[in-house]
Amino acid sequence: MHQTFDAALGINLLHANQAGADHNRAHFDQWGITCLNLMSSPGAGKTALLEKTLAALNQEIKIAVIEGDMTTELDADRLRQYNVPVIAINTGRSCHLDSKMVAGGMHRLAHDYDPTEFDLVLVENVGNLVCPAEFEVGEHAKVALLSVTEGEDKPLKYPVMFQEADCLLITKTDLAPYVDVDLEQIVANVRQMNPDCVIIPVSAKTGEGLATWFAWLRSYLEQTKAVDRPLSTVH
Numbered sequence: 019m020h021q022t023f024d025a026a027l028g029i030n031l032l033h034a035n036q037a038g039a040d041h042n043r044a045h046f047d048q049w050g051i052t053c054l055n056l057m058s059s060p061g062a063g064k065t066a067l068l069e070k071t072l073a074a075l076n077q078e079i080k081i082a083v084i085e086g087d088m089t090t091e092l093d094a095d096r097l098r099q100y101n102v103p104v105i106a107i108n109t110g111r112s113c114h115l116d117s118k119m120v121a122g123g124m125h126r127l128a129h130d131y132d133p134t135e136f137d138l139v140l141v142e143n144v145g146n147l148v149c150p151a152e153f154e155v156g157e158h159a160k161v162a163l164l165s166v167t168e169g170e171d172k173p174l175k176y177p178v179m180f181q182e183a184d185c186l187l188i189t190k191t192d193l194a195p196y197v198d199v200d201l202e203q204i205v206a207n208v209r210q211m212n213p214d215c216v217i218i219p220v221s222a223k224t225g226e227g228l229a230t231w232f233a234w235l236r237s238y239l240e241q242t243k244a245v246d247r248p249l250s251t252v253h
């Protein structure tokens, strides 16, 4: 009986969160914004990737960031140095952002800025390889990161994030010669979970693969701009 209640409660939470995510996405569409949800385990390199992305593209693409962490604004402060709006959300004991938290961040963005001026909102989710993949926040696409130091088996052991990802960045490739890792096996394991996922090996340290990541980002923005977005007012 207890297990049945827990399962039902979990389903209800996911349904409620999904409704909020759909509402957030409708707001993004109304504003003409594309939203990407960046997910990974702690330390895989999300913030470093965002630093490189903001440095390279901020003059070309109008970007805002919603930065999720359980506590502190350490990562948010790193990104504020690039002169972009960074909305920090502390989740407390929660291991992921949810649609209600992100809605609060969106309202703060809309209060302080004209949201229609932005092209892209990058959501850096809490570092966790499981929970963020279960809870949509209103994103148009999910970007997962997996560092070479995590090994080849993570896509098989924690499949949901890799099944959901539209793009996977294999990070810290500069460390590959120093750890016992098979990059081809990582790719094969991801393909087993998600044959259509775009996979890009990158290194924020050496710059390897960043041009390919930027090209994917530009291409995805163009794709979303080409899609007709609803014009009705969202409340």
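For the sequence shown, our numbering begins at 19 and goes up steadily by one. We put the CB at the ideal spot given by N, CA and C, even for glycine.
Exercise. Can you tell which of Ala121, Ala74 and Thr189 has the C-alpha that lies nearest to the C-alpha of Gly169?
Worked result: Thr189
Exercise. Would Asn30 be called buried (16 or more neighbouring beta carbons within 10 Å of its own) or exposed?
Worked result: exposed
Exercise. Near Pro268, which residues of its chain fall below 7 Å by C-beta distance, leaving aside the five closest residues on each side in sequence?
Worked result: Absent from the model: residue 268. The displayed extent of the chain is 19 to 253, so no value can be given.
For this session: Name the two residues that bound the continuous beta strand (DSSP E) containing Ser165.
Result: Ala159 to Ser165
Exercise. Looking only at C-alpha atoms, which of Ser221, Glu226 and Ala183 sits nearest to Arg209?
Worked result: Ala183
Problem set entry | Local conformation of Leu147 per DSSP, three classes | coil
For this session: Scan the stretch 43–68 and note each continuous beta strand (DSSP E) run of 3 residues or more that stays entirely inside, going in chain order.
Result: 52–57
Exercise. Applying the criterion that 16 or more other CB atoms from any shown protein chain within 10 Å of the CB defines a buried residue, is Met19 buried or exposed?
Worked result: At Met19 the pLDDT is 38, less than 50, meaning the model places this residue with poor confidence; the figure from the coordinates comes in the next sentence. When all chains shown are included, Met19 counts as exposed.
Problem set entry | Touching by the beta-carbon criterion (3+ pairs, under 8 Å), the stretch 116–124 and the stretch 152–167 | yes
For this session: For Ile107, collect the residues of the same chain with a Cβ closer than 6 Å to its Cβ; drop the 5 residues on either side in sequence, then sort them by chain order.
Result: Gly86, Met119 and Gly123
For this session: Look at the alpha carbon of Asp116 and the alpha carbon of Gln181, and state the distance between them as a whole number of angstroms.
Result: 19 Å
Problem set entry | Beta carbon of Leu54 nearer than 8 Å to that of Ala82 | no
Problem set entry | Straight-line gap, Asp198 to Phe232 (C-alpha atoms, nearest Å) | 28 Å
Problem set entry | Sufficient close CB pairs (3 or more, under 8 Å) joining the stretch 192–207 to the stretch 160–180 | yes
Problem set entry | Bridge partner(s) assigned by DSSP for Ile217 | Leu186
For this session: Measure the CB-CB distance between Ser58 and Leu138 and report whether it falls below 8 Å.
Result: no
Exercise. Looking only at its own chain, which residues have a Cβ that is under 8 Å from the Cβ of Asn76, when we skip the five neighbours before and after it?
Worked result: Tyr100, Asn101 and Val102
Exercise. When the Cα atoms are used, what is the spatial distance from Val144 to Val178?
Worked result: 16 Å
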